[in-house]
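Q:
Residue numbers (the numbering used here): 312 to 575.
1. Do you know how far the Cα of residue 407 is from the Cα of residue 420?
2. Assign residue 335 to buried or exposed, taking buried as 16 or more other Cβ atoms, counted over all protein chains shown, within 10 Å of its Cβ.
3. Hey, could you find the ends of the beta strand (DSSP E) residue 409 is sitting in?
4. In its own chain, which residues sit with a C-beta less than 6 Å from the C-beta of residue 312, not counting the 5 before and 5 after it?
5. Report yes if the CB atom of residue 386 is closer than 8 Å to the CB atom of residue 325, and no otherwise.
6. Give the range of the alpha helix (DSSP H) segment to which residue 643 is assigned.
7. Please state whether DSSP places residue 403 in a helix, a strand or coil.
8. Could you name each continuous alpha helix (DSSP H) segment of 4 residues or more that falls completely within the segment 368-396, going from the start of the chain to the end?
9. Work out the CA separation of residue 331 and residue 550 for me, nearest whole Å.
10. What are the boundary residues of the alpha helix (DSSP H) that residue 334 is part of?
11. The alpha helix (DSSP H) with residue 530 in it runs from where to where?
12. Under 8 Å between the Cβ atoms of residue 445 and residue 453?
13. Determine the extent of the alpha helix (DSSP H) in which residue 552 is found, giving its start and end residues.
14. For residue 526, count the other beta carbons within 10 Å of its own beta carbon; 16 or more makes it buried, fewer makes it exposed. Which is it?
15. Excluding five sequence neighbours on each side, which residues of the same chain lie with their C-beta closer than 7 Å to the C-beta of residue 461?
16. Measuring alpha carbon to alpha carbon, tell me which of 416, 536, 379 ends up nearest residue 395.
17. With the cut-off set at 8 Å, would you say residue 424 and residue 355 are in Cβ contact?
18. Considering Cα atoms alone, identify which of 552, 476, 569 is closest to residue 577.
19. As a quick exercise: from 463, 548, 435, 473, pick the residue whose alpha carbon is nearest that of residue 380.
20. Report all residues from its chain with a CB closer than 6 Å to the CB of residue 410; omit the five preceding and five following residues, and keep chain order.
21. Should the segment 343-358 be regarded as contacting the segment 559-571, the criterion being three or more beta carbon pairs within less than 8 Å?
22. If you check the beta carbons only, do residue 470 and residue 449 fall under 8 Å apart?
23. Could you check what DSSP says for residue 562 in three-state terms: helix, strand or coil?
24. According to the Cβ coordinates, are residue 506 and residue 518 closer than 8 Å?
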């Protein structure tokens, strides 16, 4: 659990790290939307090249990306099996009266690649952008909606706190698990149902500690005069540079070309 990479920030000084967080947020959203317009593996090639370039420039370790994908393995496998045996087409093999098809296999692999690319693109965002930058960037992007009563600042703060708490919760769970194993608790043996039951003693102290951390955080925010609906001052104001604008324009052009090619 301590190896979970979600929500972790890699404090390097690279070109991608220095980009405006708003540019990275918009680029990530456009990447995810555009990839759903791709209908074949050939269309994935420019996206793969782009991801490899971003990972290389951002100096993101491959191990960290693998850790980001690991939590989704079971979901991918279950969804893949459903697609494999429920998609009609040419028979690949039959087992227990269930028929797998070539079309189902193609659909499964296609879906795997798409989800992995989405996870990697999102990981590039979180690995190269600090939680505070993400908060400021999201708040700036949603700023115009404040005129309509939308709580942009509160939503941005909530996202930032959630991202910070994800790795903290996993580390806390690992610490509690190791402490209970030292006292004779068994989390590995037995079937799935027994393992799930054995996790209950782990979840109770985890929830208690989570509520305690939340209460401590609320107290700290109140001590720093945080008030809902009030404008906050920032130590470092984010500003769009010419480089940021150029990168955003190029990314929009890239996504537009892909959408036009597959949509028209």
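The C-beta atom is built at its ideal place from N, Cα and C for all residues, glycine as well.
A: According to the structure data:
1. 23 Å
2. buried
3. 409-412
4. Reliability of the predicted coordinates at residue 312 is poor, the pLDDT of 44 falling under 50, and no value is obtained from them.
5. no
6. Residue 643 lies beyond the stretch modelled for the chain, which goes from 312 to 575, so this question has no answer here.
7. strand
8. 373-380
9. 7 Å
10. 332-346
11. 511-534
12. no
13. Counting along the chain, residue 552 falls outside any alpha helix (DSSP H), and DSSP gives it neither H nor E.
14. exposed
15. 453
16. 416
17. yes
18. The structure shown does not extend to residue 577, since the chain is modelled only from 312 to 575, so the question has no answer here.
19. 435
20. 402
21. yes
22. yes
23. helix
24. no
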